[in-house]
Amino acid sequence: MSLSTWLNRHAQNAVGALGTLSRNPVATALTVTVIGIALALPAALGVLVQSGRTLAGDWADVRDFSVYLAPGIGLDRAEALARELRVRPGVESVRVISAGTAVAELSKDPGFAGALAALEANPLPHTLVVRPLVSVDGAALEKLGAEVQKSNGVDLVKLDLEWAKRLSAVLDFLRRLGLITGGLLIAAVVIVVGNTIRLDIQNRSAEIEVAKLLGATDAFVRRPFLYLGLWYGLLGGVVAMLILLIGLWALGEPITRLAGLYGSSFELGGATGGSLLAVLAGGVLAGWGGAWTAVARHLAAIQPKIA
Amino acid sequence: MIRLDNVTKRYDGAREALKGVSLHVEAGELAFLTGRSGAGKSTVLKLIALIEHPTRGNVIVDGRNLGKLKDREIPGYRQQIGVVFQDNKLLADRSAYENVALPLIITGTGQREIGRRVRAALDQVGLLDRERYPPRTLSAGEQQRLGIARAIVSRPKVLIADEPTGNLDPDLALEVMALFKRLNEVGMTMLIASHDLHLVEHFGARCITLTGGQVLETPVAPLTESTGAVSP
């Protein structure tokens, strides 16, 4: 078989499968919508997790820990320690707050202003504010704090591990929930497509039987159904994209307004080109996989016969 | 061209459909397989079409022992034989042209060659003017001729037919048989199963009679004048 004939045959199968879908518009629309919803749910969860990570970034200050230097330690030593900490693994940034800056900030608070004015000398030490990377979990954060505590000139390390552990647990939970939900719903798409293709195989059993009797290979018989599954998946992916985009558009503004009422700048993240492409690719793979499963199970059972 | 050597076929848990059948159809020969219902005619054709495998013995077609073909070689073998069915097995949702084109599409023949050969086959069976018609709009005789066009379009060396006139009235049956006769005259080997002895006797061809799964006799049916008188 020549390459052009081979390509022509694939093109005919692809177009023919589209024709099969268009001949049953209602059934096709229902199936594609079910696939679209099933694909949109994990995609929406993905966007939610991504937005949660952004929110975690906003909350990163709750993971910040303060390093109070001992009284009498100079600013030079504070700057040197900050440089040492910045190159440590797991540290995102280190900010130096000099004793002078700290007392000036504190003086702005009317409750402290009078008391500070009564003091002869600045009682506050130089302080380092260390921001760990988001990827650093609670145990690693505890270890980092203990190591910093041993550094020369450090008086006290103040670390709120409970917050760090809670945030880490929430992110881990969401990540796993996304994986499980995504896996289950992709499996649902495979089953929906597989069942639809199974019915199509049954409806066309006479044609398959004749084709096999005339010498059709398994690949020849299988190909139209694989294209059918591929189209189901692709169209379902398009529907999922639309659901996702419309959903984000509809919920984005109210969520931002709600977050604003709680003093947060949280915004629901938009679907990126990559995530939309992933939805389409997921649909195509799930559709093709479902078709392959059905074809592998049911085509072999149809064999030619002479009455 | 077609040879069965001491072939026995026993279906699962059932009686023996064929009991040590040996027969031979020469290249270019037209032979009839006759016998009552249940005699084993269809089983012989199923073995030749590789729909069934013999329990014992060998089936050899065009020098190939079918028992030794691998599964992946079966489609290629089937592409080289033509099969005509009593019930036509035409695809209702396709046109006459598309039905006849199917064997050529399966073999990956180019579109232009498909068009040429399909129209030649339709012309041979007298249905060229019906190429756009779906099978349901054709008469029973036309449907059977369409089935024959599909069987011959890939120019097989061997054509087998299972009761091809079983659903036709006597005039149409003669018409279809005359068509087979004409195809045979250009060198196609044919084995036609039919229980209609009166019809078979119109043609000067060897008659292989099966009874109870065994070959009874293989007389040559007399060539009668009516053979030539049958109009296509």
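Chains L and Z, in that order, give the protein sequences.
One point on numbering: in numbering that gives the first Met the number 0, the residue at position 295 of the first sequence is 294, and numbering is uninterrupted.
One point on numbering: in numbering that gives the first Met the number 0, the residue at position 119 of the second sequence is 118, and numbering is uninterrupted.
Positions of the beta carbon are idealized from the N, C-alpha and C atoms, including for glycine.
Nothing here was measured: the structure is a model prediction, and the numbers come from that model.
Closer than 8 Å to the CB of R8/L there is at least one CB belonging to chain Z. Per DSSP, the unbroken beta strand (DSSP E) holding P131/L starts and ends at 126-131. Close to F224/L, with beta-carbon spacing below 7 Å, lies no residue of chain Z; the smallest spacing is near 16 Å.
Residues of the segment 13-31 of chain L whose Cβ lies closer than 7 Å to any Cβ of chain Z: none.
Under the Cβ criterion of 8 Å, P163/Z is not counted among the residues facing chain L.
DSSP, reduced to helix, strand and coil, places I72/L outside both helices and strands of the structure shown, so it counts as coil. Looking at A30/Z, T54/Z, S41/Z, the one whose alpha-carbon comes closest to that of G12/Z is T54/Z. For V209/L, the C-beta contacts it makes with chain Z under 7 Å involve K88, L90, in order along the chain. For the segment 34-56 of chain Z, residues whose beta-carbon sits nearer than 8 Å to a beta-carbon of chain L comprise S41, L44, K45, A48, I50. Partner residues in the beta bridge of N64/Z, as assigned by DSSP, are I59/Z. Against chain Z, the CB of A295/L has no partner CB under 8 Å away; the residue lies outside that interface.
Sequence-distant partners of A101/L (beyond 5 residues in either direction) whose C-beta falls short of 7 Å from its own C-beta, in its chain, are L123, T126.
Looking at N57/Z, L145/Z, G186/Z, the one whose alpha-carbon comes closest to that of Y96/Z is L145/Z.
In this structure, the CA atom of A13/L is about 22 Å from the CA atom of R296/L.
Residue environment: H9/L is assigned as exposed (fewer than 16 neighbouring CB atoms within 10 Å of its CB, all protein chains considered). Contact annotation: G152/L and L68/L have beta-carbon atoms nearer than 8 Å. Taking 3 residues as the minimum length, the segment 245-298 of chain L contains no beta strand (DSSP E) run wholly inside it. For G251/L, the closest C-alpha among the options T180/L, P41/L, G18/L, S50/L is that of S50/L. Cβ proximity to chain Z below 8 Å picks out A205, E206, E208, V209, A210, K211 from the segment 177-211 of chain L. Residues of the segment 104-124 of chain Z with a C-beta atom less than 9 Å from some C-beta of chain L are I104, I105, T106, G107, T108, G109, Q110, listed in chain order. Contact of T292/L with chain Z is not assigned, every C-beta pair being separated by 8 Å or more.
For A215/L, the chain Z residues whose C-beta falls within less than 7 Å of its own C-beta are P74, I105, listed in chain order. For the C-beta of R129/Z, not a single chain L residue is nearer than 7 Å; the gap to the nearest is close to 19 Å. Around G214/L, the same chain offers no residue with a beta carbon nearer than 6 Å, after the five sequence neighbours per side are excluded. Sequence-distant partners of L196/Z (beyond 5 residues in either direction) whose C-beta falls short of 7 Å from its own C-beta, in its chain, are T33. Here the alpha carbon of L29/L sits roughly 15 Å from the alpha carbon of G282/L. Within its own chain, the residues whose Cβ lies closer than 7 Å to the Cβ of L44/Z, once the five positions on either side in sequence are excluded, are I159, D161, A192, listed in chain order. Between the alpha carbons of E51/Z and A38/Z lies a gap of roughly 16 Å. Take L279/L, set aside five residues on each side of it, and the residues of its chain with a beta-carbon closer than 6 Å to its own are G236, in chain order. Annotation for E130/Z: A95, Y96, L121 place their beta carbon closer than 6 Å to its own, counting only its chain and skipping 5 residues before and after. The C-alpha of V83/Z lies about 11 Å from the C-alpha of L212/L. Among the CB atoms of chain Z, none fall inside 8 Å of the CB of T271/L. In the structure shown, E83/L adopts helical secondary structure according to DSSP, grouped into three states. When the Cα atoms are used, I73/Z and L49/Z turn out to be separated by approximately 7 Å. For the set A290/L, A285/L, V294/L, the Cα lying nearest the Cα of D217/L is the one of V294/L. Taking the CA atoms as reference points, R203/L sits about 10 Å from L298/L.
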